[in-house]
Amino acid sequence: MADFSDLNVFQMYVANGEQPGFWLKRTTWDNTVAQVTSVGPFTAAAPYYGNPEVCADIYELSSGALKELGAKIPVPGTYKTWRQIDPPRWAK
Numbered sequence: 508m509a510d511f512s513d514l515n516v517f518q519m520y521v522a523n524g525e526q527p528g529f530w531l532k533r534t535t536w537d538n539t540v541a542q543v544t545s546v547g548p549f550t551a552a553a554p555y556y557g558n559p560e561v562c563a564d565i566y567e568l569s570s571g572a573l574k575e576l577g578a579k580i581p582v583p584g585t586y587k588t589w590r591q592i593d594p595p596r597w598a599k
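Shown next, in the form of structure tokens:
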């Protein structure tokens, strides 16, 4: 995995038409992925947009088992921690 992403999670959200539903992988996760379920309102300019809360459902990558519902994503403004990924094969 590359050391830095071109986009932080807020910018991924904007690139997704300001709609949740896209998938993430944390660089420190081996068998875990997240689907963004909500992003709070933007209150400032890019690239951090006022650092709104980002929530996601967390899944086991291999099985699709739900690990955590509505988890708050830590440090969504970083370029080092999060990567956008294609939906897992089991995702609807």
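With my numbering as the guide, the letters of the sequence shown map in order to residues 508 to 599. Every residue, glycine too, gets a C-beta built ideally from N, C-alpha and C. What you are looking at is a predicted structure, and each value in this text was computed from that prediction instead of being measured.
| Asked | Found |
| --- | --- |
| So, is Gln518 buried or exposed, given that buried needs 16 or more other C-beta atoms within 10 angstroms? | buried |
| Using alpha carbons as the reference points, say which of Ser545, Asn523, Val516 lies closest to Leu531. | Val516 |
| Alpha carbon to alpha carbon, what distance is there between Phe529 and Ile592? | 8 Å |
| How about Tyr511 and Tyr566: do their beta carbons lie closer than 7 Å? | The amino acid at residue 511 is misidentified as Tyr; the sequence shows Phe. Cβ distance not < 7 Å, so Phe511 and Tyr566 don't count as in contact. |
| Buried or exposed: which applies to Trp589, given that a residue is buried once 16 or more other Cβ atoms fall within 10 Å of its Cβ? | buried |
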